[in-house]
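Undergrad:
In the working numbering, the protein residues as written are 82 to 290.
Given below as structure tokens:
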């Protein structure tokens, strides 16, 4: 019974995943499957708009999804030391990412379809980040040290796992792309936010936070 219920939920998820548009299909199939898709840049006005747009779920068993996954990997491999990429970075506002798994032996590259962070630790690390779509930009950012991730593969099989450390940072960075969040804008927002310094050893009124 539980298996039937899960399959039903999975089927509903496929139905709710909006079909690829003719424009998206054209972009995905423009070129050989073994060639990299161009990586969008914030320096181009139209490409920047795509990078700032929200991404929607994709049907994992659509044949075009497999092509997009393959070509995204080629795009990542074409970079000089890139450790992750999201579909918006190749012009497709769909929920697919590639991440280099530094938490696994051999540091393999792995794809994730419709990834969702369902939990993140309050404990954070501060570390440097750059972006393949933002030329010559690098800064320090706070990220949760541990996350719990849910996603599906190209067969529609659902997975859940706990990720921590630098690999968790990559996941958070790439999933931000799916919400149109760029680290350059993230840093600017943090600069504009005002914080009141408090003495951690004294009581403070929560209303002043």
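A virtual CB, placed ideally from N, CA and C, is assigned to each residue, including glycine.
#1: Please name the residue, chosen from 187, 245, 183, 184, that lies closest to residue 205 on a Cα-to-Cα basis.
#2: Tell me which residue opens and which closes the beta strand (DSSP E) that residue 168 is part of.
#3: In its own chain, which residues sit with a C-beta less than 7 Å from the C-beta of residue 131, not counting the 5 before and 5 after it?
#4: Spell out the partners DSSP gives residue 264 in its beta bridges.
#5: Where does the unbroken alpha helix (DSSP H) through residue 127 begin, and where does it stop?
#6: Mapping the DSSP letters down to three states, classify residue 246 as helix, strand or coil.
#7: Per DSSP, residue 106 forms a beta bridge with which residues?
#8: Considering only the alpha carbon of each residue, which of 212, 252, 232 lies closest to residue 161?
#9: Just to confirm, is the Cβ distance from residue 177 to residue 165 under 8 Å?
#10: Counting only runs that start and end within the region 166-243, where is the beta strand (DSSP E) found for 3 or more residues in a row?
#11: Among the residues of its own chain, which have a CB less than 7 Å from the CB of residue 189, if the five just before and after it don't count?
#12: Could you name the residues of the same chain whose beta carbon sits closer than 7 Å to that of residue 150, not counting the 5 residues immediately before and after it, in chain order?
#13: Contact check, residue 142 vs residue 237 under 8 Å by CB: the rounded distance?
#14: Can you tell me the Cα-Cα spacing of residue 229 and residue 194, whole angstroms?
#15: What span of residues does the alpha helix (DSSP H) with residue 119 cover, start to end?
#16: Per DSSP, which one or two residues make a beta bridge with residue 136?
#17: Over the uninterrupted alpha helix (DSSP H) stretch that includes residue 149, give me the two end residues.
#18: With H, G and I counted as helix, E and B as strand and the rest as coil, what does DSSP make of residue 101?
#19: Going by C-alpha distance, which of 219, 241, 157, 239 is nearest residue 269?
#20: Candidates 221, 119, 250: which alpha carbon is nearest residue 265's?
TA: Let me lay it out:
#1: Taking only the C-alpha atoms, the option nearest residue 205 is 245.
#2: Run containing residue 168: none; DSSP gives neither H nor E here.
#3: Non-local beta-carbon contacts of residue 131 in its own chain, meaning distances under 7 Å to residues more than five positions away in sequence, involve 121, 169, 172, 174 in chain order.
#4: Answer by DSSP bridge pairing: none, since residue 264 is not bridged.
#5: DSSP places residue 127 inside the alpha helix (DSSP H), whose first and last residues are 126-132.
#6: Under the three-state reduction of DSSP output, residue 246 falls in the helix class.
#7: Residue pairing of residue 106 in beta bridges, as defined by DSSP: absent, with no partner found.
#8: Selected option, being the one with the closest Cα: 212.
#9: No. Outside cutoff.
#10: The region 166-243 contains these whole beta strand (DSSP E) runs: 177-181, 190-201, 205-211, 219-225, 227-233.
#11: For residue 189, where only same-chain residues beyond five positions count, the Cβ hits under 7 Å are 182.
#12: Same-chain partners within the cutoff: 177, 192, 235.
#13: The beta-carbon distance between residue 142 and residue 237, rounded to whole angstroms, is 5 Å. This is short enough to meet the 8 Å contact definition.
#14: One C-alpha to the other measures close to 15 Å.
#15: Per DSSP, residue 119 belongs to no alpha helix (DSSP H) and is neither H nor E.
#16: DSSP lists no partner for residue 136.
#17: Element bounds for residue 149: 144-158.
#18: The three-state reading of DSSP puts residue 101 in coil, since its state is none of H, G, I, E or B.
#19: That would be 219, whose Cα lies nearest to the Cα of residue 269.
#20: Of the residues 221, 119, 250, the one whose Cα lies closest to the Cα of residue 265 is 221.
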